[in-house]
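Report on the structure given below.
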Amino acid sequence: MAWTYLSIAGLLEIAWAIGLKYTAGWTKLYPSLLTAAAMIASFYFLSLAVKTLPVGTAYAVWTGIGTVGAAILGILIFGESREVSKIVCIVLIVAGIIGLKLTSAH
Numbered sequence: 000m001a002w003t004y005l006s007i008a009g010l011l012e013i014a015w016a017i018g019l020k021y022t023a024g025w026t027k028l029y030p031s032l033l034t035a036a037a038m039i040a041s042f043y044f045l046s047l048a049v050k051t052l053p054v055g056t057a058y059a060v061w062t063g064i065g066t067v068g069a070a071i072l073g074i075l076i077f078g079e080s081r082e083v084s085k086i087v088c089i090v091l092i093v094a095g096i097i098g099l100k101l102t103s104a105h
């Protein structure tokens, strides 16, 4: 279950990272409320995951999921750079996440 919780936490991290763009510096009420709720839920699921998983592994995977998701959505939604070097770096982060999962004892 810990990996499921961690996956949910990572997806919620993507949601709040993207949500920050829509809060306009926390000046828009509903986007701000949704973003804050996603933050709280993300931390909650991360806290459930670290009950079982090593904190270093869980934190690295959580931030990795958030980083990859935010980078991909930044490209798709906000028209951010699609440079080959950026894509290669995203792939390397995914490889690191997979490596941490494969080498985890849990």
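Taking numbering that gives the first Met the number 0, I'd label the letters of the sequence shown as residues 0 to 105.
C-beta atoms are modelled at their ideal positions from N, C-alpha and C, and glycine is treated no differently.
Quick caveat, the model's predicted, so the values are computed rather than measured.
Closer than 8 Å by C-beta to I76: which residues in its own chain qualify, once you throw out the five before and the five after it? Chain order, please.
I17
Would you mind working out which of V60, L11, E82 and W25 sits nearest I96, comparing C-alpha positions?
The shortest C-alpha separation from I96 is found at V60.
Which runs of the alpha helix (DSSP H), 4 residues or longer, sit entirely within the segment 51 to 98?
54 to 77
Applying the criterion that 16 or more other CB atoms from any shown protein chain within 10 Å of the CB defines a buried residue, is E12 buried or exposed?
E12 should be labelled buried.
Give me, in chain order, the residues of the same chain whose beta-carbon lies closer than 8 Å to that of A23; leave out the 5 immediate sequence neighbours on both sides.
P30
With a cut-off of 8 Å on the beta carbons, I'd call I71 and I89 a contact; round off their distance for me.
7 Å
Output the distance between the C-alpha atoms of A8 and A35, rounded to the nearest integer angstrom.
Roughly 14 Å separates the two Cα atoms.
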